[in-house]
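Residue numbers (my numbering): -3 to 143.
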């Protein structure tokens, strides 16, 4: 599996830790789309687009996005067709984002999420399979909105 990841300056440090975790502990190929410096203010919307486009172009299956709170970058990512970016705060929301919403981007905040809970959310999100069934009807409605 390949995962695209990006953050703004507010989540740079946590992003770096998650990348190391994914590579070393989960043996996952990670494509890092920036930012590369926590000391330079950047716009989260630019980084949301980089990861969303990787999923849209089928270069990766899933993505992870981070900004200070996760709010702005999740809003931006969800503007892209076919993207279901879920802002998660704990393992329950991470699990449900996969199980019921088939989220293709996991989002959390670098200023509000500790590394251990972030790793747990990544694990749960990656290991939970989409349930489909009645949930597909709801996702189909989202697809109609996108059109």
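All C-beta atoms, glycine included, are put in the ideal place defined by N, C-alpha and C.
* **For residue 26, the three-state DSSP class (helix, strand or coil)** => Taking the first residue of the chain shown as position 1, residue 26 is located at position 30. If DSSP states are grouped into helix, strand and coil, residue 26 belongs with the strands.
* Which listed residue (130, 64, 15, 141) has its alpha carbon closest to that of residue 80 -> Working through the chain shown from its first residue, we reach residue 80 at position 84. The residue with the shortest Cα to Cα distance from residue 80 is 141.
* Where do the N-terminal and C-terminal ends of the alpha helix (DSSP H) with residue 90 fall, by residue? -> Counting from 1 along the chain shown, the entry for residue 90 is found at position 94. Boundaries of the alpha helix (DSSP H) harbouring residue 90: 87 to 95, taken from the DSSP string.
* **Backbone CA spacing between residue 77 and residue 103 [nearest angstrom]** => Your numbering for residue 77 matches position 81 in the chain shown. Your numbering for residue 103 matches position 107 in the chain shown. Rounded to the nearest angstrom, the two C-alpha atoms are 17 angstroms apart.
* To do: Select from 58, 137, 23, 63 the residue whose C-alpha is nearest the C-alpha of residue 124.
  => What you label residue 124 is simply residue 128 of the chain shown in a count that begins at 1. Cα-wise, what sits closest to residue 124 is 58.
* Asked: Which residue comes first and which comes last in the beta strand (DSSP E) that contains residue 2?
  -> In the chain shown, the residue the question calls residue 2 occupies position 6. -2 to 3 is the extent of the beta strand (DSSP E) around residue 2.
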